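Note sheet for the following structure.
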Amino acid sequence: MKTCIVLSVLLFSHLCSGKFPPWFKFGAATSSYQIEGAWNISDKTPSIWDTFCHIKYDVKCSNANGDVAANSYYQWEEDLDAAADLGLDYYRFSISWTRILPTGYPNKISKDGVRYYNELINGLLARGIVPMVTMYHWELPQNLQDLGGWTNSLIGTWFADYAKVLFTLFGDRVKTWLTINEPLITCAAAYGKNTGFAPGISDPNYGAFLCAKNTLLAHAHAWRIYDVMFKPKYRGKVSIVNQIFWMEGQSEKERKLGELTFSLNVSTLQKVIYTYPVFSKNGGWPAEIEEIISTNSKNEGFSFSRLPPFTTEEINFIKGIFKTLLRARGSDRKCRRSHQGFISK
Numbered sequence: 014m015k016t017c018i019v020l021s022v023l024l025f026s027h028l029c030s031g032k033f034p035p036w037f038k039f040g041a042a043t044s045s046y047q048i049e050g051a052w053n054i055s056d057k058t059p060s061i062w063d064t065f066c067h068i069k070y071d072v073k074c075s076n077a078n079g080d081v082a083a084n085s086y087y088q089w090e091e092d093l094d095a096a097a098d099l100g101l102d103y104y105r106f107s108i109s110w111t112r113i114l115p116t117g118y119p120n121k122i123s124k125d126g127v128r129y130y131n132e133l134i135n136g137l138l139a140r141g142i143v144p145m146v147t148m149y150h151w152e153l154p155q156n157l158q159d160l161g162g163w164t165n166s167l168i169g170t171w172f173a174d175y176a177k178v179l180f181t182l183f184g185d186r187v188k189t190w191l192t193i194n195e196p197l198i199t200c201a202a203a204y205g206k207n208t209g210f211a212p213g214i215s216d217p218n219y220g221a222f223l224c225a226k227n228t229l230l231a232h233a234h235a236w237r238i239y240d241v242m243f244k245p246k247y248r249g250k251v252s253i254v255n256q257i258f259w260m261e262g263q264s265e266k267e268r269k270l271g272e273l274t275f276s277l278n279v280s281t282l283q284k285v286i287y288t289y290p291v292f293s294k295n296g297g298w299p300a301e302i303e304e305i306i307s308t309n310s311k312n313e314g315f316s317f318s319r320l321p322p323f324t325t326e327e328i329n330f331i332k333g334i335f336k337t338l339l340r341a342r343g344s345d346r347k348c349r350r351s352h353q354g355f356i357s358k
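The opening position of the sequence shown corresponds to residue 14 in the numbering used here, with each subsequent residue numbered one higher.
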């Protein structure tokens, strides 16, 4: 906390003089589906977003898709020149799982995909820009989704294989790896009611919690592979990227409700469902959240808690796997109790 205050004061003093301090670094970020285009070029196969916007829910993609997008697959050099003209120090981009592994598995590695990302990484370095790679920005291979996607317990193994391929191909030049971008969106939005996110499966009662557990295990697999096999040689960092919202009650009467929502969704490292298993002393889910969901599940007629428990082995596998944490800052929200007694934003 003292370090944050000192940095804030130093930054504010420089901004008052009209310029940023020399130690302040600028960056920009993109995701593959949003910019690359070339959705079916070479041996690339469909991701869940290709399917979602082509077939399932065109209306929820506003009758648009990522077939061309910003056409960065073909225009990457112009994009990198623009980044250099902006004076960027860092550029965060994501890798399309199916562009590298057309089958979703490491049995086939795309030469074209490797070529494209090699050119992108080398182009950044040649311009003095440090690459930061997001391994998963919501683009699951469609064939893996057909097997259950993030609700299938085997996805930790699938993601581990994918991660190992990326570390092997690009680890000599990429020193910052982001495993999963905003698992809150990967799980809660994609499996929410009337979802507008791929794969568009409405199962907020159970699917979102299965996904939450499996994303944490997948992150742990990737982190531990890098730590043992690649970190001694390349000295890089691996982190998950959590989206942080601020939550508070709509009125003083609902202050406690706001604090509970805050702990379930978002916030401090000791409370949030997507960081507590990694950063807390005990690991596993926050106890108060486990108790609430278990009680609600029984009242709803389930014979089990909708929040799947971690085994002791899984708790220890996930706990403590951090050297750094990256956060994506979300918007602020107010919550209240709805007329039916549920939490409402």
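Even glycine gets a Cβ: it sits at the ideal position worked out from N, Cα and C. Because the structure is a prediction, the values reported are computed rather than measured.
Which residues does DSSP pair with residue i in a beta bridge?
| i | result |
| --- | --- |
| Leu191 | Thr147 and Ser252 |
| Glu261 | Lys347 |
| Tyr103 | Gly40 and Val143 |
| Pro154 | Ser60 |
Is the separation between the beta-carbon of residue i and that of residue j shorter than 7 Å?
| i | j | result |
| --- | --- | --- |
| Ile319 | Asn218 | Looking at the sequence provided, one finds Arg at residue 319 rather than Ile. Taking 7 Å as the Cβ cut-off, Arg319 and Asn218 qualify as a contacting pair. |
| Asp102 | Phe33 | no |
| Ile331 | Pro290 | yes |
| Trp163 | Asn227 | yes |
| Gln158 | Leu197 | no |
| Tyr46 | Trp36 | no |
| Lys347 | Glu261 | yes |
| Ser60 | Glu132 | no |
| Phe180 | Tyr86 | no |
| Ala96 | Ile142 | yes |
| Arg350 | Gln263 | no |
Please classify residue i: is it buried, with 16 or more other beta-carbons within 10 angstroms of its beta-carbon, or exposed?
| i | result |
| --- | --- |
| Asp92 | buried |
| Thr281 | With a pLDDT of 42 at Thr281, under the threshold of 50, the modelled position of that residue is not reliable, and no figure is offered here. |
| Val254 | buried |
| Lys57 | buried |
| Arg268 | exposed |
| Val251 | buried |
| Lys284 | With a pLDDT of only 46 at Lys284, under 50, the local geometry of the prediction cannot be trusted, and the value read off the model is given with reservation. So Lys284 ends up on the buried side. |
| Thr134 | Before going further, note that residue 134 is Ile rather than Thr in the sequence given. Result: buried. |
| Cys111 | For the sequence presented, residue 111 should be read as Thr rather than Cys. Thr111 should be labelled buried. |
| Gly271 | buried |
| Ser316 | exposed |
| Gly169 | buried |
| Leu229 | buried |
| Thr324 | exposed |
| Thr308 | exposed |
For residue i and residue j, I'd like the C-alpha separation in whole angstroms.
| i | j | result |
| --- | --- | --- |
| Leu167 | His234 | 12 Å |
| Pro154 | Thr64 | 10 Å |
| Ala221 | Pro322 | 14 Å |
| Ala231 | Gly136 | 30 Å |
| Ser109 | Ser44 | 9 Å |
| Leu114 | Ala201 | 26 Å |
| Gly126 | Thr199 | 24 Å |
| Tyr130 | Asn329 | 34 Å |
| Ile48 | Met242 | 32 Å |
| Cys74 | Tyr204 | 16 Å |
| Arg140 | Asp94 | 8 Å |
| Gly314 | Leu223 | 18 Å |
| Arg128 | Trp89 | 12 Å |
| Ser123 | Leu99 | 32 Å |
| Glu326 | Trp171 | 19 Å |
| Cys66 | Trp236 | 32 Å |
| Ala225 | Pro144 | 28 Å |
| Asn165 | Asn156 | 12 Å |
| Ser293 | Lys311 | 27 Å |
| Ala42 | Leu182 | 21 Å |
| Gly376 | Gly161 | Nothing about residue 376 can be read from this structure; the chain reaches only from 14 to 358. |
Between the stretch 135-148 and the stretch 188-195, do three or more beta carbon pairs fall short of 8 Å?
yes
Are the stretch 207-215 and the stretch 297-310 in contact at 8 Å, needing three or more beta carbon pairs?
no
Can you confirm whether the stretch 179-188 touches the stretch 237-252 when touching is taken to mean that 3 or more C-beta pairs between the two stretches lie within less than 8 Å?
yes
Between the stretch 46-63 and the stretch 77-85, are three or more C-beta pairs nearer than 8 Å?
yes
Quick one: any contact between the stretch 303-317 and the stretch 194-209, if contact means 3 or more CB pairs under 8 Å?
No, the stretch 303-317 does not touch the stretch 194-209.
Please determine if the stretch 170-182 and the stretch 114-126 are in contact, where contact requires at least 3 C-beta pairs separated by less than 8 Å.
yes
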